[in-house]
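Worksheet: the structure to be examined is printed underneath.
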Amino acid sequence: MISSNRRPNEVKSYSTLAGIPFYNFGMPSGFKAYVDQIVRVGRTFDFHPDDPDSAYTPLVRGKRLIAVISRGDGGYGPGGRNEPLNHLDPHLRTVFSFIGVEQVEIVAAENDEHGGTALADSLDSARRRLLRLAGGRSVCRSEHG
Ligand SMILES: Cc1cc2nc3c(=O)[nH]c(=O)nc-3n(C[C@H](O)[C@H](O)[C@H](O)COP(=O)(O)O)c2cc1C
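Residue 88 in our numbering is what sits at position 88 of the sequence shown, and the numbering runs on without skipping anything.
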């Protein structure tokens, strides 16, 4: 319990870098457990039952999530052949925006099951995007088990 109670403070204090494998079109159970620890009433959002038009207030300010996703297949990005099956990106944007995380950056490395140039090209593009997001500096890692 001590550990799970610290999670909301972490997400309010730091931006988050998360590595997330793509499982069955969504997030793996371990990361879902983390989400359930940080989306907490009175900690990362407030709930006003008497005001149904504006019942929720986010309590996180000015933070960013960089989610690095690994996928076996490809084409899950915008306009891709598998985009309709991608339930992870919208879920991440919904929950992190809901608590007030202002920027949700999703970087995907795809085609791990195909290998070859499809994988190499996707890894290269993910690395370049991460470098841009880091402003050319090394990216610091934050662990969320
Ligand atoms: C339980 C499970 C479900 C998976 N579901 C999908 C999927 O729906 N779509 C996909 O493209 N890849 C899927 N994969 C492949 C993984 O996303 C891919 O191999 C990823 O790189 C795994 O990272 P990991 O080795 O850290 O688990 C799945 C893999 C596992 C083990």
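For each residue, glycine too, the CB sits at the ideal point set by N, CA and C.
Given a threshold of 16 other Cβ atoms within 10 Å of its Cβ, counted over all protein chains shown, does leucine 88 qualify as buried or as exposed?
-> buried
Hey, quick one: how far does the beta strand (DSSP E) through aspartate 46 stretch, first residue to last?
-> 45-47
Excluding the 5 residues preceding and the 5 following cysteine 140 in the sequence, name in chain order all residues of the same chain whose CB lies nearer than 6 Å to its CB.
-> The predicted model places cysteine 140 with a pLDDT of 45, which falls under 50 and marks its position as unreliable, so this point remains unresolved.
In three-state terms, what does DSSP make of proline 78?
-> coil
In or out: glutamine 103 buried (at least 16 other Cβ within 10 Å) or exposed?
-> exposed
Going along the chain, which residues of its own chain have a beta-carbon closer than 8 Å to the beta-carbon of serine 122, five neighbours each way excluded?
-> Gly74, Ala108, Ala109, Glu110 and Asn111
Go ahead and pull the three-state DSSP assignment for arginine 93.
-> helix
Using the C-alpha atoms, what's the distance from serine 4 back to isoleucine 106?
-> 25 Å
Helix, strand or coil at glycine 19 [DSSP, three-state] | strand
Would you mind stating whether valine 39 and phenylalanine 47 have Cβ atoms separated by less than 8 Å?
-> no
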